[in-house]
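Per the working numbering, the sequence shown starts with residue 123, numbered consecutively. Cβ atoms here follow ideal geometry from the backbone N, Cα and C, with glycine treated the same way. Model, not experiment: these values are computed from the prediction.
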Amino acid sequence: MTTQIRNSRRGRCFTAVAFYIVGAASSLSAQTAQPSTAPVALSLDDAIRLGESRSEAVQVARAGLQRSSGQKYQARSQMLPQIYGSGGYTRTLRSQFQGAFGSAPAVDTTTPAAPAGPCDKYLRDASATTSERLAGLELASRCATGSNPFSSLSSLPFGQEHQYNLGLSFSQNLFAGGRIAAQNAIANAGQRTAEIELSAQRAQTILDVTQAYYDAALSDRLAAIAESSFAQTQNVFRQTELNKNVGTVSEFELLRASVSRDNQRPVVIQRRADRDVAYLRLKQLLDIPLDAPLSLTSVIEDSAGAPATGRLAILAGMTATVGDTVADHRSVVRQAEEGVSVQEGFVKIARAQRLPSVSLTSQYGRVAYPANGSLPGLADFRTNWTVGVAAQMPLFTGGRIRGEEMIAQANLAESRARLQQTREYAALDARVALNALAQATAAWAASAGTAEQASRAYSIAEVRYREGISTQLELNDSRILLAHAQANRALAARNLQIARVRLVLLPSLPLTSSSASQAAAQQAASQQQQQNSQQQTQQQNAASGNQQIQPGS
Numbered sequence: 123m124t125t126q127i128r129n130s131r132r133g134r135c136f137t138a139v140a141f142y143i144v145g146a147a148s149s150l151s152a153q154t155a156q157p158s159t160a161p162v163a164l165s166l167d168d169a170i171r172l173g174e175s176r177s178e179a180v181q182v183a184r185a186g187l188q189r190s191s192g193q194k195y196q197a198r199s200q201m202l203p204q205i206y207g208s209g210g211y212t213r214t215l216r217s218q219f220q221g222a223f224g225s226a227p228a229v230d231t232t233t234p235a236a237p238a239g240p241c242d243k244y245l246r247d248a249s250a251t252t253s254e255r256l257a258g259l260e261l262a263s264r265c266a267t268g269s270n271p272f273s274s275l276s277s278l279p280f281g282q283e284h285q286y287n288l289g290l291s292f293s294q295n296l297f298a299g300g301r302i303a304a305q306n307a308i309a310n311a312g313q314r315t316a317e318i319e320l321s322a323q324r325a326q327t328i329l330d331v332t333q334a335y336y337d338a339a340l341s342d343r344l345a346a347i348a349e350s351s352f353a354q355t356q357n358v359f360r361q362t363e364l365n366k367n368v369g370t371v372s373e374f375e376l377l378r379a380s381v382s383r384d385n386q387r388p389v390v391i392q393r394r395a396d397r398d399v400a401y402l403r404l405k406q407l408l409d410i411p412l413d414a415p416l417s418l419t420s421v422i423e424d425s426a427g428a429p430a431t432g433r434l435a436i437l438a439g440m441t442a443t444v445g446d447t448v449a450d451h452r453s454v455v456r457q458a459e460e461g462v463s464v465q466e467g468f469v470k471i472a473r474a475q476r477l478p479s480v481s482l483t484s485q486y487g488r489v490a491y492p493a494n495g496s497l498p499g500l501a502d503f504r505t506n507w508t509v510g511v512a513a514q515m516p517l518f519t520g521g522r523i524r525g526e527e528m529i530a531q532a533n534l535a536e537s538r539a540r541l542q543q544t545r546e547y548a549a550l551d552a553r554v555a556l557n558a559l560a561q562a563t564a565a566w567a568a569s570a571g572t573a574e575q576a577s578r579a580y581s582i583a584e585v586r587y588r589e590g591i592s593t594q595l596e597l598n599d600s601r602i603l604l605a606h607a608q609a610n611r612a613l614a615a616r617n618l619q620i621a622r623v624r625l626v627l628l629p630s631l632p633l634t635s636s637s638a639s640q641a642a643a644q645q646a647a648s649q650q651q652q653q654n655s656q657q658q659t660q661q662q663n664a665a666s667g668n669q670q671i672q673p674g675s
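Okay, here's the thing in structure tokens:
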């Protein structure tokens with residue numbers, strides 16, 4: 123029995139020590155993990171700067187601007203001379219000219235060897251004797267017979283075993299019928315369009331971040347209102363339950379209080395879920411890990427917490443007046459105007475194909491054929507240099523040029539019609555933005571003081587119910603009115619803040635109409651298709667130009 127008691131005491135001691143160790147480890151791990159779970163404070167200004175720097179749409183627009191700059195360089199290069207250098211070495215293994223020039227005759231061992239040249243040195247003048255002159259003629263004849271008659275052709279390039287080539291080529295467009303000037307105008311318009319697109323994407327990013335931030339702040343406020351309303355119903359239920367226990371109220375009143383409390387639970391759950399979704403949307407826009415906790419520091423009802431209009435304009439890179447509602451100053455209208463300029467350039471390019479194109483070309487080359495394969499010196503190189511003027515003019519293309527002119531004219535007419543359509547959409551969009559701001563301002567003014575009055579009314583109703591003067595129905599009605607007033611106030615504040623920011627960024631924002639966006643997309647696709655067609659035409663012209671006979675060939 124004593125042994126069992128001792129074992130029981132030892133078991134309890136070991137259990138207590140184990141629980142103590144586990145508790146200490148849990149406390150230590152909680153203290154270690156606490157700094158990583160601290161929410162990150164985020165203001166609206168910080169969110170805008172973070173969103174603008176991490177936005178994929180802004181990065182795509184920057185890439186488009188860089189692409190347009192490259193296209194501008196390409197177009198401008200056609201106005202400048204083109205100079206290329208070349209160099210090469212060729213080793214001939216077998217050639218059809220091998221042995222044709224410079225080969226020595228077969229050696230005849232039955233006759234004396236031919237004397238060395240030059241052969242005319244063996245000829246004697248008139249002062250020599252007859253025998254000396256005859257001997258000189260014999261030596262000259264033997265020298266001429268034994269020499270290679272094609273030895274002077276050994277320096278030609280035919281069949282040479284080693285060849286070194288150095289060259290420079292030069293070309294300059296002299297006249298292209300206005301094609302090069304039109305291509306430069308198209309490139310400049312494309313760069314301006316890309317700059318407008320970058321400003322528009324930055325403005326849209328600022329608006330999206332602002333809307334997501336205030337949506338998250340609104341969801342916070344609505345969740346707090348729902349939790350406060352649930353706490354109020356919980357207090358009413360406890361008070362009613364206490365009164366039921368002392369016998370001052372009936373079971374029906376207790377059931378009503380219980381139903382009112384339980385009906386508020388789904389509202390709290392829904393508000394919390396909406397808050398989580400709003401925070402996830404904000405984190406996605408800001409490229410923040412979805413599991414990272416956030417704490418919003420800008421209050422939704424605080425007008426001073428909204429970014430200043432000038433600061434928003436600087437962040438968006440706006441050039442127009444802040445809050446300008448003139449249709450021609452909208453970014454989409456300016457892009458449509460640049461689209462008209464692009465189509466006018468394509469019309470000029472199509473017409474320029476009927477005119478001749480003149481270019482100046484020059485080829486300069488140095489060649490060397492060392493016999494032993496060693497690197498040649500400067501004195502071993504021979505020079506080739508040609509200069510020429512080439513002209514090209516289409517004589518018959520089967521109606522291709524006429525078809526391209528018709529396509530360019532149709533695209534120009536379409537772009538002008540889309541410009542007018544975009545102006546109308548922009549004017550409508552500006553009116554909608556002004557109307558939204560007026561509506562938000564009126565709703566904000568109408569909700570002023572309503573929440574305070576509803577809170578005061580609920581306090582009075584709560585006192586009346588506690589004193590037994592009023593019913594639970596009156597208290598629930600006051601609670602519902604208070605929740606609606608607080609929610610309407612928060613929603614009006616959110617709508618007012620977004621309407622203000624939208625009006626500030628309006629000159630750089632894209633249109634909200636789906637039809638206008640579809641029209642802009644169709645115009646961009648049409649321009650891209652026409653640029654591809656123009657590139658194919660240039661390739662065809664370059665191929666036909668390469669088939670011409672080069673000067674000096």
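Of the other Cβ atoms in all chains shown, fewer than 16 fall within 10 Å of the Cβ of Glu574; this residue is therefore exposed. Contact check for Leu559 against Arg476 fails: the beta carbons are separated by 8 angstroms or more. Judged by DSSP secondary structure, His284 falls within the beta strand (DSSP E) whose first and last residues are His284 to Phe297. For Ala303, the enclosing alpha helix (DSSP H) starts and ends at Arg301 to Val368. In the three-state reduction of the DSSP assignment, Leu377 falls in the helix class, which pools H, G and I. Beta-bridge annotation (DSSP): Ala512 is paired with Ser481.
For Glu459, the closest C-alpha among the options Ala414, Ser191 and Ala535 is that of Ala535.
Here Trp507 is exposed: its Cβ has fewer than 16 other Cβ atoms, across all protein chains shown, within 10 Å.
With respect to Gln406, Ala183 sits apart: the two C-beta atoms are not nearer than 8 angstroms. Distance from the Cα of Leu603 is smallest, within the candidate group Glu589, Ala615, Ala583 and Ala614, for Ala583. Between Arg545 and Val455, the CB-CB gap stays under 8 angstroms. Taking the Cα positions, Arg378 is about 8 angstroms away from Gln594. Under the DSSP assignment, Gly209 falls outside any alpha helix (DSSP H), being part of the beta strand (DSSP E) whose first and last residues are Gln204 to Arg213.
Taking Gln282 as the centre and dropping the five residues before and after it, the same chain places the C-beta of Thr214 and Tyr491 closer than 7 angstroms to its C-beta, in chain order. Rounded to whole angstroms, the gap between the alpha carbons of Ser417 and Leu166 is 11 angstroms.
Under the criterion of beta carbons closer than 8 angstroms, Asn610 and Ala562 do not qualify as touching, at roughly 12 angstroms.
Distances from the alpha-carbon of Ala311 to those of Leu408, Asp330 and Lys194 put Lys194 closest.
Counting the other CB atoms within 10 Å of its CB gives Gln196 a total below 16, which places it among the exposed residues.
With respect to Glu174, Thr327 sits close: the two C-beta atoms are nearer than 8 angstroms. Residue state for Gly571 is assigned as coil, using DSSP reduced to three classes. Pairing Val390 with Phe352 gives a Cβ-Cβ distance under 8 angstroms.
With distances taken between CA atoms, Ile302 lies nearest to Val469 out of Val469, Ala612, Gln543 and Gly209. In the structure shown, Ala539 falls within a helical segment according to DSSP collapsed to helix, strand and coil. In the DSSP assignment, Ala179 falls outside any beta strand (DSSP E) and lies within the alpha helix (DSSP H) extending over Glu178 to Ser199. Within the model, the alpha-carbon separation for Asp384 versus Val371 is close to 20 angstroms. Counting only residues of its own chain and dropping the five nearest sequence neighbours on each side, Ile523 has a CB closer than 8 angstroms to the CB of Ala472, Gln475, Arg476 and Pro516. Per DSSP, Val626 lies in no beta strand (DSSP E) segment; the continuous alpha helix (DSSP H) that holds it begins and ends at Gln594 to Val626. DSSP, read as helix, strand or coil, puts Gly525 in helix. Take Gly300, set aside five residues on each side of it, and the residues of its chain with a beta-carbon closer than 7 angstroms to its own are Lys470 and Ala474, in chain order.
In the DSSP assignment, Tyr486 is bridged to Leu290 and Trp507. The segment 388-431 contains, as complete beta strand (DSSP E) runs of 3+ residues, the segments 416-418 (chain order). Going by DSSP, Ala458 is part of no beta strand (DSSP E) but of the alpha helix (DSSP H) stretching over Ser453 to Ala474.
With fewer than 16 other Cβ atoms from the protein chains shown falling within 10 Å of its own Cβ, Thr634 counts as exposed.
When rounded, the separation of the alpha-carbon atoms in Glu466 and Ala325 is 29 angstroms. With 16 or more other Cβ atoms inside 10 Å of its own Cβ, Leu404 counts as buried.
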